[in-house]
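J.: My questions will all concern the structure given below.
There are 4 protein chains.
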Amino acid sequence: MQSRVGIGVVGYGYWGPNLVRNFVSNQSARVVSMSDLDPEKRAACERLYPGVATTGCYEDLLKDPSIDAIAIATPVRTHYELALSALRAGKHVLVEKPLAPSAEMVRRLIDEADRRGLTLMVDHTFLYTPAVQKIRELVQKDELGDIYYYDSTRSSLGLFQSDVNVIWDLAVHDLSIIQYILNEDPVAVSATGSCHVTGTPENMAHITLFFDSKCVAHVSVNWLSPIKVRQTFVGGSKKMIVYDDLEPSEKIKVYDKGITLSGLSENAHQLRIGYRAGDMWAPHISAREALQTEIEHFLDCVRTGKSSLSNGISGLRVVEVLEAASRSIAERGRPVNLKQEPRLRKAAI
Amino acid sequence: MQSRVGIGVVGYGYWGPNLVRNFVSNQSARVVSMSDLDPEKRAACERLYPGVATTGCYEDLLKDPSIDAIAIATPVRTHYELALSALRAGKHVLVEKPLAPSAEMVRRLIDEADRRGLTLMVDHTFLYTPAVQKIRELVQKDELGDIYYYDSTRSSLGLFQSDVNVIWDLAVHDLSIIQYILNEDPVAVSATGSCHVTGTPENMAHITLFFDSKCVAHVSVNWLSPIKVRQTFVGGSKKMIVYDDLEPSEKIKVYDKGITLSGLSENAHQLRIGYRAGDMWAPHISAREALQTEIEHFLDCVRTGKSSLSNGISGLRVVEVLEAASRSIAERGRPVNLKQEPRLRKAAI
Amino acid sequence: MQSRVGIGVVGYGYWGPNLVRNFVSNQSARVVSMSDLDPEKRAACERLYPGVATTGCYEDLLKDPSIDAIAIATPVRTHYELALSALRAGKHVLVEKPLAPSAEMVRRLIDEADRRGLTLMVDHTFLYTPAVQKIRELVQKDELGDIYYYDSTRSSLGLFQSDVNVIWDLAVHDLSIIQYILNEDPVAVSATGSCHVTGTPENMAHITLFFDSKCVAHVSVNWLSPIKVRQTFVGGSKKMIVYDDLEPSEKIKVYDKGITLSGLSENAHQLRIGYRAGDMWAPHISAREALQTEIEHFLDCVRTGKSSLSNGISGLRVVEVLEAASRSIAERGRPVNLKQEPRLRKAAI
Amino acid sequence: MQSRVGIGVVGYGYWGPNLVRNFVSNQSARVVSMSDLDPEKRAACERLYPGVATTGCYEDLLKDPSIDAIAIATPVRTHYELALSALRAGKHVLVEKPLAPSAEMVRRLIDEADRRGLTLMVDHTFLYTPAVQKIRELVQKDELGDIYYYDSTRSSLGLFQSDVNVIWDLAVHDLSIIQYILNEDPVAVSATGSCHVTGTPENMAHITLFFDSKCVAHVSVNWLSPIKVRQTFVGGSKKMIVYDDLEPSEKIKVYDKGITLSGLSENAHQLRIGYRAGDMWAPHISAREALQTEIEHFLDCVRTGKSSLSNGISGLRVVEVLEAASRSIAERGRPVNLKQEPRLRKAAI
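First to last, the sequence lines map onto chains A, B, C and D. Here the first sequence is numbered in my numbering, starting from -2 and rising by one per residue. Here the second sequence is numbered in my numbering, starting from -2 and rising by one per residue. Here the third sequence is numbered in my numbering, starting from -2 and rising by one per residue. Here the fourth sequence is numbered in my numbering, starting from -2 and rising by one per residue.
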C-alpha cells in the first residue's frame, strides 16, 4: 500500500460532501475520485476540490488501482450491491448507515470482507461523537450503577426518505448507541409505527427493546415534528443522564438523583421509597467533529487490519433489530424475539 | 336543596387539601365536613379551616343530611367502595382519577348514579386547564387540519404509588385529554412497561393507541426521570402544536409548519415532498386554576342535573384503555383491541 | 418575655399575607394581631386565620402588651413613621425592604433601636434564599477566585409602584446580595434611568457600582419587560456562576471556565490569552422558602439580642447606594462617590 | 467595468474566509486575488480556491487593474491606511467593522470616496440578517408603537482583541442596529467599563444612549462570560420584541403585552396602571446568510453607484458613539453629548 490510503467516494448528495471534506483534510488519506450520477453534483465537487477526479460511472472507481478504499453514501437500497462489488474488487469499504436493507445481505457482506481480509465498516457516526463516548465511559466506570433504561426521542420536520421508513433512517442511530453503551443485547422488540402521507413509508414510530435484565430501551422517531428534538435519557440505579444533542455545549448532564429503598422486603406495601436529589454535573465535551474521529479510525483499521468499533457485526446487530422492529410494526406492536448470540467484543477507540 | 351545596371531602393527603381549598372559596358550596383516618391530617385541616368539621369515620359524612355531595381523594383501591356507599346514601360524587380500579366497577358506579339520578364525576383535572381547552378549541375549529398524532411525555422523579402502576397514575391524564380533544375513539392499544424496583408496580411505560383513521397516539410515562417533563406534541395536516405544561406562560405553541405534496399519485417514488415553514404563535392562556373551573362545573351539574364533561362514561373509557394497556404490558406489547362503542357526546364547558 | 414571641403585622397587601403565613407556622411565634386600613383585607385575613385579631388602627398594635415585635409591610413612604413609633413603643421591628426612603431616616431608626436595645431588621429576603447563601459560601471558600464582576438583570411586566421608582423596588434586592456576597463595599456609582409613562417614576434603570479592586457590579432593572428575567452572572478569576432564580431547580450553575495568560508582561501586545473550558456543576439547592429561614432568624435575634444578618446597618448601606444612584440618574450617569466606611462585620446564619 | 466585479480581499484570519467564500459563490463577482502576510493562511486559501491568486504584498492588489473593489478584513488599527490607499488607487472599498479607529479618520475616508465617486461601505453584518430586517420592518410599520427602549446583551468567553476594547468589538453591532431600526439619533451617552486582565483593553462595558424622545438604549458587552448571550429586548408602547440570535429558529418573538393607563391625569398618584397580556408571535425568519445579502448589496452599489445602507456616514455615526462612549468610560459614566446632525437618510434594501 502506498503511503496515503487512496479513497474513492460514491454519492455526493447529503452526506457525501462531508465524507470528501473529512478525507481531504486527513493527512493519511488521498481522495482519488468521486462518483455520482448527477453532473451538477460532480461539478460542485470539482469546484471545491480540483484535485479530486469525478466520474458518473461507479465502475471507474473499482478499476482504479490507486484506490484502496471506497466510501459509500448512496440510498440504502443500493448499499448491498455497491459494497459487494467494491469488496470483490479488493477495496476496503465504509458504508453509510444502515449497512444494508436486510440482515441476510449484511451477512453476505461480512463473509465477503472476511474471506478477503478487507475492512468493512458502517458509518454509525454517533459512536464517534465525544458525547456518546463520554456516556459509554461513564457507564463502563459504573458511574450510573445498574442501567434501568435508555429512552430517546429523535424528531424533526425531516427529510422523508423514499426507500426506507423512519426507523431505518433515524432509529438506527439509537440502536447503534444502545449497542455501544450497554453491556447486553436486547432479546425482544415491540414497535408501532404510522404513515401519515399516503404512498410514503412510516414517518413516525416507537420502539421498545427488552433485555434479560431490568433494563429497557425505548426510541421515538418522527419525521413530522414541528421542532427538532434530539434528547436521550439514560437512567441508572446510582445516577441518571440527560443527553441533548442540540445543546451547543453541556450536551450531557449527569444527575446525582434517584430513589432509596428501605423497609421489609417481604411486604411490598411496606417498602418505603425515598428520593435522593443531589448535584447535577455537565462534563466538558470536546467539540471535535465525529466524522473526523471516525475517518481516522477507518484509516487505522485499513492500515493495520484491526477490527472496527462499527464493524460488520455491529452493523448486523442493528439491522437485525430494524428487521424485527419492522415486523412488529406490521403487527401493531406484537413482540418479536431476537436471536441471542454471544456478546460481541467491542473494539476500544 | 339548600342554597349552598353541602360538601364532604374524604382524604386529606396530596390532593384533598386542594379540593377543600377550592370548595371553601367557591360561593356556591359549603364544606361541611372532612374525613381522614390520620389525626394529624385532621388537625392540619382544622387549623386552616376552623369552620369545617373533621372526623375519622367516613360513615359520618354519609349520615349527615347537610352534605349533598362527596369528593373522594383517597388511594385508588378504595375509590369503588367509597363512591358506591356515597351514591347509596344519596350523595353526588366527585372521584379523584382514575374513577375505579376496573371498568366493571366503573360500570356499576355509573348504573348506581343513573338509577338514583345523581351526579357522578371523575376528577380529570387537565380537561379544565385553559391550555387543554385551547387545544380542543383549535382542533374543533379545524385549525390543525386532520390530526396525525398526539405524542406525550409525562415524567419526573415521582411519587411511586403502592396500589397502581405508573399508567394508572400518569397516563390517565393523557388518556382523558386524548378523549377530550380528538374526535374519535381508539380501537386498539399496544403498551410496554418496566419495573425497576422489586416489589413495586411498573414505574415506566409507553402506550400506543391505534385509531381507524391515520391518527395515532403515544404516551410515555416515567416515575424515575431525573428531570420533570410535561410535553405534548399534536401534529395535524395543517398545523402542529407543542404544549409544554411546565412553561410558566406560552404553554401552547402553534406552528404553521408541515409538508406539501406534489407529483404523480400513481407512483409513490415520484411523490415530491416539500416542507412548509411558517410562523409560530403562542396564544395567551389564562392562568386560572383548573380545579376552580372544575368545581364550578361539578356544582353546576349537581344543581342542574346536567351531564358532566368528565362524567362516568368519560371515566369508563379511560379505565377501559388502562385495562387494555395493562394486559398489553403483561404481554410485552401484544396489541389489545378495544370495544368500539358509539362515540359519546361531549358536554360543552 | 412570654414563651412565644407575640407578633403584630402591619399591612396585608402583596407581602403581608406571606409574613402572616410564615409567622403563624413558626412554633416560636404567635401572631396576635394584624392591622390594615382596608376592611376587605382584614376580612380575608380573618377567614384564613380566625385566631388572629384584626384592626384598622395601627396604634392598637403599639398599645398591646402581648405584642413583642411588629412586622411592617406597607408602602415605602410609611416605613419610617411606622417603624419609629413601633420602636418607641418598645417593639422589635422587621421592615419590608427598603428600610426607609432616605439614609437619614434609616440612621434615626438605627439610633432609636440601639438606644432601646431592640432588634431592627430589614426584610432583604434574597439573603435568606438557599441559592444566594450557596453563592456566598462559594465566594467565601474562594471557589471563584478574585471576583471580577456581578452582573444582574431583574425585569418583568411588573407592578409599577407609585411612591418609589424601579431601583428602590427591584435593584434593592441586588444591592443587598452584592453587600452580602462580596468582601468589599462600592466606592462610587453611575446610573441611568428612564420613565416611559408620564406621571410615574422611572420604570427602567441600569446601575454600575465601582469598587477599589478590579471588581465591578452592574444591575439592570425594568418594570416594562415582555418576559420575566431574574438572571445574575458572577465572574471570578477561577470560576464563574450563572444564577437564574426562575429555574425550578438548578438555579446555580458553576462554570469551570476562564482565561489563561502567558507571555511577556512587559509588552501587552505579546500577552497570549488562552481559554479554559471545563465542566459545569449545578449544586443541589434546597427548596426551603426564604421567608421561613428569615423569620426564624428574626425570632432568634429578638430572643437573644444578637445582631441580624440584615440589620439596620445592612439596610443603611443599601439605602445609601439607592440615594447615590438616584442622584446619578438625575444627571444622566454622572458618577457619585460613596462614603467609605469601615467594612461592617457580617452575622453568620 | 467588465461583466463581473473584480474583487481583492485583504486578510484571511477570522472573517476573511467568509468574505472569500461569499464573493466566490456570487455570480456577479470574481475573486482575483487575496493578500495576507501569513504564508500558511495563503496556502489554506490556495487549497480551497485554486483559482484565486494570493500574495503577501497588499500593494499587488492596488496595482492590479482587474480588481475593481477591495474588501478589508484586518485588525482595526490598519483599516484607515489600507482603505485610504485602496480608494486612492481607484478601488471601491468594503471594510470590516468598525470602519476606522477614529471619527476623524472615517471622515477623511468618506471625503476621499466622495471625491473619487467610489463606494465606501462598512461591514455592519447584522443589518443584513433577516432577523434585524424583520425588526426594522415591524418598527417601520408601527407595529410596536412608540419605541421605549432597546436593551441588548452580547457576551461570551470571547476573543480578547489586542488593539480595541470590547465596545469597539461587540457594541459596534448594536450601535449599527440601533441606528438602523430607530427613527432618531442619540444625543448623549453614558458608559462604564472594566478591565479585569492587566495589560489588556476593557473586556466588559455597559453603555446607555439617550435620545430626545422617551426612548433609551442600553448595550451590555462582555468578553469574559461563562456562557454566550445574544439577546435584545425592544420595548414599544404597543408591542415588545425579544430577539435571541442564538435561537436556531424563532429568533424573534413579538409580545402583544404592555400597560394600560386610566385615571385622572392631574394626579399621578391616582393613575391606574393595568397590564395587558396577549399572544406571542414568532414570525418565520429566513435562514439566508447575512453576508450573502450584504455582498449582493455591495456589488449592486459598486455597479450602480447608489448609496449603501451601511455607507461611510453610517459607519461614521457608529464610530462617533464609540468615541463618546470611550470618553465616558474613562470618566466612570460621566455623560458625553453627541453632536446632533440632520438625520441621515437610509437606503432601502
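In this text, a Cβ means the ideal position worked out from N, Cα and C, and glycines have one as well.
When burial is assigned at 16 or more other CB atoms within 10 Å of the CB, is Asp209/B buried or exposed?
T.: Within the second sequence, the letter at position 212 stands for residue 209/B. By the neighbour-count rule (16 or more Cβ atoms within 10 Å), Asp209/B is not buried but exposed.
J.: Take Val49/B and list the residues in its own chain whose beta-carbon comes closer than 6 Å to its own, dropping the five residues that flank it on each side.
T.: Within the second sequence, the letter at position 52 stands for residue 49/B. Same-chain partners within the cutoff: Val28, Met31.
J.: Whose C-alpha, out of Gly5/D, Ala274/D, Gly3/D, His203/D, is nearest the C-alpha of Ala214/D?
T.: The residue labelled residue 214/D in the question sits at position 217 within the fourth sequence. The candidate whose alpha carbon is nearest that of Ala214/D is His203/D.
J.: Give the residues of chain A in contact with Pro127/D, contact being defined as C-beta atoms less than 7 Å apart.
T.: Walking along the fourth sequence from the start, residue 127/D turns up at place 130. Residues of chain A passing the Cβ test: none, with the nearest at roughly 19 Å.
J.: How is Asn15/C classed by DSSP in three states: helix, strand or coil?
T.: By one-based count along the third sequence, residue 15/C stands at place 18. Helix, per DSSP.
J.: Please determine if the region 234 to 246 of chain A and the region 126 to 146 of chain A are in contact, where contact requires at least 3 C-beta pairs separated by less than 8 Å.
T.: Yes: at least three Cβ pairs fall under 8 Å.
J.: Could you pull out every unbroken beta strand (DSSP E) segment of at least 3 residues lying fully inside the region 236 to 321 of chain A, listed in chain order?
T.: You should have 237 to 241, 249 to 259, 269 to 279.
J.: Does the region 114 to 127 of chain C come close enough to the region 283 to 290 of chain C that 3 or more CB-CB pairs lie under 8 Å?
T.: Contact between the region 283 to 290 of chain C and the region 114 to 127 of chain C is present, because at least three Cβ pairs lie under 8 Å.
J.: Which two residues bound the contiguous beta strand (DSSP E) that contains Asp148/B?
T.: As a working mapping, residue 148/B is identified with position 151 in the second sequence. From DSSP, the beta strand (DSSP E) with Asp148/B extends over 144 to 154.
J.: Determine, using beta carbons only, whether Met277/B and Glu244/D come nearer to each other than 8 Å.
T.: Within the second sequence, residue 277/B is the residue found at index 280, counting from 1. Within the fourth sequence, residue 244/D is the residue found at index 247, counting from 1. Contact: no.
J.: Confirm, please, whether the CB-CB distance from Ile310/A to Ile107/A is below 8 Å.
T.: Position 110 of the first sequence, counted from the start, is the residue given in the question as residue 107/A. Position 313 of the first sequence, counted from the start, is the residue given in the question as residue 310/A. Result yes, Cβ atoms of Ile107/A and Ile310/A sit closer than 8 Å.
J.: Following the continuous beta strand (DSSP E) through Glu93/A, name the residue where it begins and the one where it ends.
T.: As a working note, residue 93/A is residue 96 in the first sequence. Unbroken beta strand (DSSP E) run through Glu93/A: 89 to 93.
J.: Could you tell me whether the Cβ of Ile256/B comes closer than 8 Å to any Cβ of chain A?
T.: Along the second sequence, one-based indexing puts residue 256/B at 259. Taking Cβ atoms only, chain A reaches closer than 8 Å to Ile256/B, which makes this a yes.
J.: Determine, using beta carbons only, whether Ser191/C comes closer than 8 Å to chain D.
T.: For the purposes of this step, residue 191/C is taken as residue 194 along the third sequence, with counting starting at 1. So yes, Ser191/C belongs to the interface.
J.: Would the region 146 to 160 of chain C count as touching the region 218 to 231 of chain C if we require 3 or more Cβ pairs under 8 Å?
T.: Yes, the region 146 to 160 of chain C touches the region 218 to 231 of chain C.
J.: Using the Cα positions of Lys94/B and Asp166/B, report the straight-line distance between them to the nearest angstrom.
T.: As a position in the second sequence, residue 94/B is number 97, starting the count at 1. As a position in the second sequence, residue 166/B is number 169, starting the count at 1. Going from the Cα of Lys94/B to the Cα of Asp166/B covers about 8 Å.
J.: Report the residue ranges of all beta strand (DSSP E) runs contained in full by the region 120 to 205 of chain C; include only those spanning at least 3 residues, in chain order.
T.: Listed in chain order, the complete beta strand (DSSP E) runs (minimum 3 residues) inside the region 120 to 205 of chain C are 144 to 154, 185 to 191.
J.: Over the uninterrupted alpha helix (DSSP H) stretch that includes Arg85/D, give me the two end residues.
T.: For the purposes of this step, residue 85/D is taken as residue 88 along the fourth sequence, with counting starting at 1. From DSSP, the alpha helix (DSSP H) with Arg85/D extends over 76 to 85.
J.: When you compare the region 70 to 83 of chain A with the region 1 to 8 of chain A, are there three or more beta-carbon pairs, one atom per stretch, that lie closer than 8 Å?
T.: Short answer: they touch.
J.: May I ask you to report which of helix, strand or coil DSSP gives Pro36/B?
T.: The residue given as residue 36/B occupies position 39 in the second sequence. In the structure shown, Pro36/B sits in a helix (DSSP, three-state: H, G or I).
J.: Quick one: list the residues of chain C neighbouring Pro47/B, beta-carbon separation under 9 Å, in chain order.
T.: What you label residue 47/B is simply residue 50 of the second sequence in a count that begins at 1. Within 9 Å Cβ-Cβ: Pro47, Gly48.
J.: According to DSSP, Arg227/C sits in a beta bridge with which residue or residues?
T.: Residue mapping note: residue 227/C aligns to position 230 of the third sequence, counting from 1. DSSP lists Arg151/C as partners of Arg227/C.
J.: Hey, Ala66/A and Val299/A: beta-carbon distance below 8 Å or not?
T.: Walking along the first sequence from the start, residue 66/A turns up at place 69. Walking along the first sequence from the start, residue 299/A turns up at place 302. Taking 8 Å as the Cβ cut-off, Ala66/A and Val299/A qualify as a contacting pair.
J.: Exposed or buried, what is Asn180/B when buried is set at 16 or more other beta-carbons lying within 10 Å of its beta-carbon?
T.: Locating residue 180/B in the second sequence gives position 183, where the first residue counts as 1. By the 10 Å Cβ count, Asn180/B comes out exposed.
J.: Distance check for Thr257/D and Ser25/B, CA to CA, integer angstroms please.
T.: One-based indexing of the second sequence puts residue 25/B at position 28. One-based indexing of the fourth sequence puts residue 257/D at position 260. So the alpha carbons of these two residues sit roughly 33 Å apart.
J.: Taking Cβ positions only, does Leu91/D come closer than 8 Å to chain C?
T.: Position 94 of the fourth sequence, counting from 1, holds the residue named residue 91/D. Cβ-Cβ to chain C under 8 Å: no for Leu91/D.
J.: Relative to the C-alpha of Ser159/C, which residue among Val194/C, Asp61/C, Val184/C is closest?
T.: To locate residue 159/C, count along the third sequence from 1; it is residue 162. Per the Cα distances, Val194/C.
J.: Quick one: which residues of the region 199 to 215 of chain B get their C-beta closer than 7 Å to a C-beta of chain A? List them in chain order.
T.: Cβ contacts with chain A: Met201, His203, Thr205, Phe207, Lys211, Val213, His215.
J.: So is Arg314/A buried or exposed if we call it buried at 16+ other beta carbons inside 10 Å?
T.: As a working mapping, residue 314/A is identified with position 317 in the first sequence. Classification of Arg314/A: buried, given that the 10 Å Cβ count is 16 or more.
J.: With burial defined as no fewer than 16 other Cβ atoms inside 10 Å of the residue's Cβ, what is the status of Glu291/B: buried or exposed?
T.: Here residue 291/B is taken as the residue at index 294 of the second sequence, counted from 1. So Glu291/B counts as buried.
J.: Taking Cβ-Cβ distances shorter than 9 Å, what residues in chain C pair up with Met277/A?
T.: Taking the first residue of the first sequence as 1, we reach residue 277/A at position 280. By Cβ distance, chain C contributes Ser246, Glu247, Lys250, Met277, Trp278, Ala279, Pro280, His281.
J.: When you compare only the Cα positions, how much space is there between Ser149/A and Thr122/C?
T.: Start at 1 with the first residue of the first sequence, and residue 149/A comes out as number 152. Start at 1 with the first residue of the third sequence, and residue 122/C comes out as number 125. If I take the Cα positions, the gap works out to 41 Å.
J.: Chain B beta carbons: is any one of them nearer than 8 Å to that of Tyr272/A?
T.: To locate residue 272/A, count along the first sequence from 1; it is residue 275. Yes, Tyr272/A lies at the interface with chain B (some Cβ there is under 8 Å from its Cβ).
J.: Distance check for Glu43/D and Arg1/A, CA to CA, integer angstroms please.
T.: Here the question's residue 1/A lines up with position 4 in the first sequence. Here the question's residue 43/D lines up with position 46 in the fourth sequence. Going from the Cα of Arg1/A to the Cα of Glu43/D covers about 21 Å.
J.: Between Leu224/A and chain B, is the shortest Cβ-Cβ distance under 8 Å, so that the two count as touching?
T.: Counting from 1 along the first sequence, the entry for residue 224/A is found at position 227. First, the residue type needs correcting, since residue 224/A is Ile and not Leu in the sequence shown. Yes, Ile224/A lies at the interface with chain B (some Cβ there is under 8 Å from its Cβ).
J.: Expressed to the nearest angstrom, what Euclidean distance is found between the alpha-carbon atoms of Ile64/B and His294/B?
T.: Taking the second sequence and counting its residues from 1, one reaches residue 64/B at position 67. Taking the second sequence and counting its residues from 1, one reaches residue 294/B at position 297. Distance between the alpha carbons of Ile64/B and His294/B is about 18 Å.
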